[in-house]
Amino acid sequence: MTRSSRDRSAFTLIELLVVIAIIAILIGLLLPAVQKVREAAARIKCSNNLKQLGLAVHNYEGAFQALPPGIVQTSSTAQIPDLVEYGTLTGTTWSYANHSFFSVMLPYIEQENTLRAATNGYNLKLNWNDPLNQPVTALRIPTLECPSNPSGKIVNNASSPTFLPAVSDYWPVTRGNSNSAVWTGLNMGFPGSTGVNGVLTANARTKFAAITDGLSNTFMIGESGARNEGWAASRMYDPGTSTTWGVRGAWGQGSNNIVCAGTRGPITPGAAPPGKVSTAAHLTDALTVNAWNQGELYAFHTGVCNVVMGDGSVKSVKSSIDMSTLQRLAARSDGNPVSVEN
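According to numbering that gives the first Met the number 0, the residues represented by the sequence shown are 0 to 341, in order.
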């Protein structure tokens with residue numbers, strides 16, 4: 000073989016660069032498609048998690064003829080009959096230990112063995128973070144984690160360096176906005192402190208009959224992901240590691256729930272939002288879904304947030320949902336039933 004023939008069979012530098020460029024272009028075209036497929040799979044997994052939680056709530060209702068409490072955390076001189084199993088009497092005061100919705104619901108999502116991780120079992124008469132209960136609430140539960148959430152799955156901050164509780168991305172929707180001025184600003188009548196409640200309420204079990212707007216028209220559980228960190232409009236503004244941030248997002252904590260009050264705008268990237276909507280004046284820049292992860296509906300799915308309705312069905316709520324529709328879906332007895340538009 001002559002030298003000239005060998006030269007013609009080899010790639011020149013220019014040809015090699017062209018091939019590399021073509022491969023880079025193909026990778027650039029394929030990567031978004033792969034990411035879309037991955038997110039679609041994650042969103043389906045998230046929906047399946049929520050479906051399991053919805054079914055569990057209805058199984059609980061079948062056992063108790065009432066829905067589970069959304070959170071448990073109160074003291075009262077009068078005994079709350081339906082929560083007596085969580086409380087202790089000291090003198091004339093009943094104290095109910097601090098627990099989340101999930102502390103009550105784990106046996107109904109096939110996690111009863113998790114409750115036995117503590118030496119003497121999980122004790123509902125002790126707080127969720129009591130040293131005796133910590134072995135349980137430090138365990139990660141896959142059903143409570145959305146695969147689209149990019150944050151860590153444990154609470155890791157300076158206020159609890161030796162106790163690292165596991166988080167949840169899903170929480171009960173306990174009520175809508177409780178400020179009558181906001182409802183008036185939306186040209187709707189305020190349904191009162193009871194009517195504005197959701198399917199699952201704080202410190203009480205709820206009967207199906209109390210949800211007069213209809214189970215299929217009222218939020219029950221929703222996404223509020225990465226609450227152990229601060230996120231607003233797809234940007235993290237606080238890693239949640241300081242002592243001032245506290246223990247947020249832990250699945251056993253009784254102060255974790257969703258209140259669809261709406262978020263005050265505008266949101267500055269990388270900064271905490273101004274706060275919750277509490278006056279009619281705040282409605283001008285009000286944001287609804289996927290605006291703030293601290294107590295509002297917030298997901299890491301593009302343009303939507305998954306929720307469970309009272310009938311157990313899973314729906315995707317658009318980020319563009321208006322404030323009045325959000326309130327109608329969050330409140331169980333406002334007299335204005337409306338369906339989620341997928």
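Just so you know, even glycine gets a beta-carbon here, dropped at the ideal spot from N, CA and C.
Straight through space, the alpha carbons of threonine 262 and leucine 286 are spaced by roughly 5 Å. Using a Cβ distance threshold of 7 Å, tyrosine 121 and leucine 114 count as a contacting pair. The shortest C-alpha to C-alpha distance from serine 177 to any of Tyr297, His57, Asp321, Thr278 is the one to Thr278.
Excluding the 5 residues flanking it on each side, tyrosine 95 has same chain C-beta neighbours closer than 6 Å at Val71, Thr73, Leu82, Tyr85, Gly86, in chain order. Sequence-distant partners of phenylalanine 101 (beyond 5 residues in either direction) whose C-beta falls short of 6 Å from its own C-beta, in its chain, are Trp250. Going by beta carbons, arginine 331 and valine 135 fall outside the 7 Å limit. When the five nearest sequence neighbours on each side are left out, the beta carbons in the same chain lying within less than 6 Å of the beta carbon of glycine 69 are those of Phe100, Pro171, Thr173, Leu199, Thr200, Ala201, Asn256, in order along the chain. Distances from the alpha-carbon of isoleucine 140 to those of Glu111, Ile320, Thr267 put Glu111 closest. Each residue's CA atom was taken as its position, placing proline 146 and isoleucine 13 some 44 Å apart. Per DSSP, the beta bridge partners of aspartate 237 are Gly229. DSSP, read as helix, strand or coil, puts threonine 161 in coil.
For the options Asn292, Gly248, Gln64, the alpha carbon positioned closest to that of alanine 209 is the one of Gln64.
Annotated three-state conformation of leucine 199 is coil, per DSSP. Taking C-alpha positions only, asparagine 97 is separated from arginine 204 by approximately 16 Å.
Assigned with DSSP and collapsed to three states, alanine 280 falls in helix.
The shortest C-alpha to C-alpha distance from serine 167 to any of Trp182, Gly151, Ser179 is the one to Gly151. Around the beta-carbon of asparagine 119, fewer than 16 other beta-carbon atoms lie within 10 Å, marking it exposed.
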